[in-house]
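K.L.:
This structure is in structure tokens; I'll ask about it shortly.
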């Protein structure tokens, strides 16, 4: 990821993007603790476990290059190659060739969001209209308000923020070519009768299981022994419908542990208690879209989404920045410039689509 960002955006912007992502850990943990929200927040270690030697060597080389440009970011990472540590401590199978650890956290996002919104609703500080699809938006530059047409009536607003992530293209056809929805599949493994992980893991870390380039799963552990596993690249579908799951990915997620981990329970697959799907948003250049929309007929509208399947380390500070812009605040110099939805960025994305070449963005940064 570091090398890709260097090539696409230049060293300074690659540093800004990496620092921006790392900053989410402390900022989000502080926000949760400040609001005293019970959302199963757990500060832990994130382990990237590698099963392909070439992929691992590339990651380590990228980390060393980062060390020469941004040592304060590189020092957050620890590289493990000792086979005994990989198998005995991290509980990875002998197929693992190495691992990279970094400070991380896990929590229950729905509990957090409802914990934030609940008091605001109770205090009549916000008005939440659920099950109210927006059908269109009328926005003329000479008008003080934009008119948002919904299935239950019209809403007039000085500012309209599009925050629908993978579904941004529905009301914003201008962005549709640059954001691809993709259905991700997830399983929940129930703990054993003794309250332990059925996958034979300790509960003090989470995992990214990297089988090859762009082929990986994530694994989140709960303190009660429950395990959440998701992604499964093979067999995923580029659709925006999360009412269904996919056979290939779920089959993989039920069986991966016996090849990737050291000592899962023999009947681990029978411990699956829930399965569901969610829609991920992949942006063409790998970063979100944020800020005021640069298109005609969108003068009252803003965008905040397209998190490239890693919203947990992008969404909070991106949305905070957009809220600040609406209030007339300027973002700090450390905020990644590549995230803004500028006319020049859109132009470069269109050129990339038309030519099939890379997105050339260094010049504008």
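Residue numbers (my numbering): 33 to 397.
C-beta atoms are modelled at their ideal positions from N, C-alpha and C, and glycine is treated no differently.
None of these values were measured; they are calculated from a predicted model.
Please report how far the alpha carbon of residue 69 lies from the alpha carbon of residue 379, in whole angstroms.
P.N.:
Counted from its first residue, the chain shown places residue 69 at position 37. Counted from its first residue, the chain shown places residue 379 at position 347. Approximately 42 Å between the Cα atoms of the pair.
K.L.:
So is residue 194 buried or exposed if we call it buried at 16+ other beta carbons inside 10 Å?
P.N.:
Here residue 194 refers to the residue found at position 162 of the chain shown. Answer is buried; the Cβ neighbour count reaches 16.
K.L.:
Determine, using beta carbons only, whether residue 267 and residue 249 come nearer to each other than 8 Å.
P.N.:
Taking the first residue of the chain shown as 1, we reach residue 267 at position 235. Taking the first residue of the chain shown as 1, we reach residue 249 at position 217. No; because the gap between Cβ atoms is not below 8 Å, this pair is not in contact.
K.L.:
Classify residue 306 as helix, strand or coil using the three-state DSSP reduction.
P.N.:
To locate residue 306, count along the chain shown from 1; it is residue 274. DSSP places residue 306 in strand when its eight states are reduced to three.
K.L.:
What did DSSP end up calling residue 332 once you bin it into helix, strand or coil?
P.N.:
Translated into the one-based positions of the chain shown, residue 332 becomes position 300. Correct three-state label for residue 332: coil.
K.L.:
Thinking residue 221 and residue 231 are a contact (beta carbons under 8 Å), I'd like their distance in whole angstroms, please.
P.N.:
Within the chain shown, residue 221 is the residue found at index 189, counting from 1. Within the chain shown, residue 231 is the residue found at index 199, counting from 1. Sure, about 6 Å apart at Cβ, within 8 Å.
K.L.:
In terms of alpha-carbon separation, which member of 256, 167, 223 and 78 lies closest to residue 54?
P.N.:
Along the chain shown, read from residue 1 onward, the residue named residue 54 stands at position 22. Ranking 256, 167, 223 and 78 by Cα distance to residue 54 puts 78 first.
K.L.:
On the DSSP letters alone, give me the boundaries of the beta strand (DSSP E) that residue 242 sits inside.
P.N.:
Residue numbering aside, residue 242 sits at position 210 when the chain shown is read from its first letter. Taken as a continuous stretch (DSSP letters only), the beta strand (DSSP E) holding residue 242 covers 237-244.
K.L.:
For the stretch 211-227 against the stretch 361-372, are there 3 or more C-beta pairs whose distance is under 8 Å?
P.N.:
Result no; under three Cβ-Cβ pairs closer than 8 Å.
K.L.:
For residue 377, which three-state DSSP category applies?
P.N.:
Position 345 of the chain shown, counted from the first residue, corresponds to residue 377. Note: residue 377 maps to helix in three-state DSSP.
K.L.:
Pick helix, strand or coil for residue 154, following the three-state DSSP scheme.
P.N.:
Start at 1 with the first residue of the chain shown, and residue 154 comes out as number 122. The answer is helix: DSSP assigns residue 154 an H, G or I state.
K.L.:
From the DSSP secondary-structure annotation, give me the bridge partner or partners of residue 337.
P.N.:
Counted from its first residue, the chain shown places residue 337 at position 305. Partner(s): 321.
K.L.:
Give the secondary structure of residue 267 by DSSP, where H, G and I count as helix, E and B as strand, and everything else as coil.
P.N.:
Reading the chain shown from its first residue, position 235 is the one you call residue 267. DSSP places residue 267 in coil when its eight states are reduced to three.
K.L.:
Could you check what DSSP says for residue 168 in three-state terms: helix, strand or coil?
P.N.:
If you number the chain shown from 1, residue 168 lands on position 136. Of the three classes helix, strand and coil, the one that applies to residue 168 here is strand, per DSSP.
K.L.:
Helix, strand or coil for residue 100 per DSSP?
P.N.:
Looking up residue 100 in the chain shown gives position 68. Helix at residue 100.
K.L.:
Below 8 Å, how does it come out for the stretch 101-110 and the stretch 38-47: are there three or more Cβ pairs, yes or no?
P.N.:
Result yes; three or more Cβ-Cβ pairs closer than 8 Å.
K.L.:
With respect to the alpha helix (DSSP H) encompassing residue 159, which residues constitute its N-terminal and C-terminal limits?
P.N.:
Here the question's residue 159 lines up with position 127 in the chain shown. Residue 159 -> no alpha helix (DSSP H), and no H or E assigned at all.
K.L.:
I'd like the ranges of any beta strand (DSSP E) spanning at least 3 consecutive residues and lying wholly in the stretch 174-243.
P.N.:
The stretch 174-243 contains these whole beta strand (DSSP E) runs: 178-182, 185-189, 192-194 and 211-221.
K.L.:
Using the three-state DSSP reduction, which class does residue 257 fall into: helix, strand or coil?
P.N.:
Taking the chain shown and counting its residues from 1, one reaches residue 257 at position 225. Note: residue 257 maps to coil in three-state DSSP.
K.L.:
Per DSSP, which one or two residues make a beta bridge with residue 135?
P.N.:
Taking the chain shown and counting its residues from 1, the one referred to as residue 135 is at position 103. Partner(s): 77.
K.L.:
Distance, Cα to Cα, residue 291 vs residue 305?
P.N.:
One-based indexing of the chain shown puts residue 291 at position 259. One-based indexing of the chain shown puts residue 305 at position 273. In a straight line, the C-alpha of residue 291 is about 21 Å away from that of residue 305.
K.L.:
Going by DSSP in three states, residue 277 sits in which element: helix, strand or coil?
P.N.:
Against the chain shown, residue 277 aligns to sequence position 245. In this structure, residue 277 counts as coil in the three-state DSSP scheme.
K.L.:
According to the neighbour-count rule (16 or more other Cβ atoms, all chains shown, within 10 Å of its Cβ), is residue 82 buried or exposed?
P.N.:
Within the chain shown, the letter at position 50 stands for residue 82. Result: buried.
K.L.:
Please classify residue 320: is it buried, with 16 or more other beta-carbons within 10 angstroms of its beta-carbon, or exposed?
P.N.:
In the chain shown, the residue the question calls residue 320 occupies position 288. It counts as buried.
K.L.:
Determine the burial state of residue 112: buried for a count of at least 16 other Cβ atoms within 10 Å of its Cβ, exposed for fewer.
P.N.:
As a first step, residue 112 is located in the chain shown; it is residue number 80 there, counting from the start. Under this definition residue 112 is a buried residue.
K.L.:
Around the Cβ of residue 184, are there at least 16 other Cβ atoms within 10 angstroms (buried) or fewer (exposed)?
P.N.:
As a first step, residue 184 must be located in the chain shown, where it is residue number 152. Classification for residue 184: exposed.
K.L.:
How long is the line joining the alpha carbons of residue 52 and residue 349, rounded to whole angstroms?
P.N.:
The residue you call residue 52 lines up with position 20 of the chain shown. The residue you call residue 349 lines up with position 317 of the chain shown. One C-alpha to the other measures close to 8 Å.
K.L.:
CA-CA distance, residue 363 and residue 241?
P.N.:
The residue you call residue 363 lines up with position 331 of the chain shown. The residue you call residue 241 lines up with position 209 of the chain shown. Straight-line Cα distance between these residues: approximately 35 Å.
K.L.:
DSSP on residue 313, reduced to helix/strand/coil?
P.N.:
For the purposes of this step, residue 313 is identified with residue 281 of the chain shown, where counting begins at 1. Strand, per DSSP.
K.L.:
Among residues of its own chain, excluding the 5 on either side of residue 235, which ones have a beta-carbon nearer than 8 Å to its beta-carbon?
P.N.:
Here residue 235 refers to the residue found at position 203 when the chain shown is read from its first residue. So the list reads 229, 253, 254, 255 and 257, once near-sequence residues are dropped.
K.L.:
Can you check whether the CB of residue 385 is closer than 8 Å to the CB of residue 209?
P.N.:
On the chain shown, residue 209 is found 177 positions in, with the first residue counted as 1. On the chain shown, residue 385 is found 353 positions in, with the first residue counted as 1. Contact: yes.
K.L.:
Given residue 43, which residues of its chain have a CB within under 6 Å of its CB, disregarding the five upstream and five downstream residues?
P.N.:
On the chain shown, residue 43 is found 11 positions in, with the first residue counted as 1. The answer, listed in chain order, is 101.
K.L.:
Counting along the chain, where does the alpha helix (DSSP H) carrying residue 350 start and finish?
P.N.:
Start at 1 with the first residue of the chain shown, and residue 350 comes out as number 318. Residue 350 -> alpha helix (DSSP H) spans 347-358.
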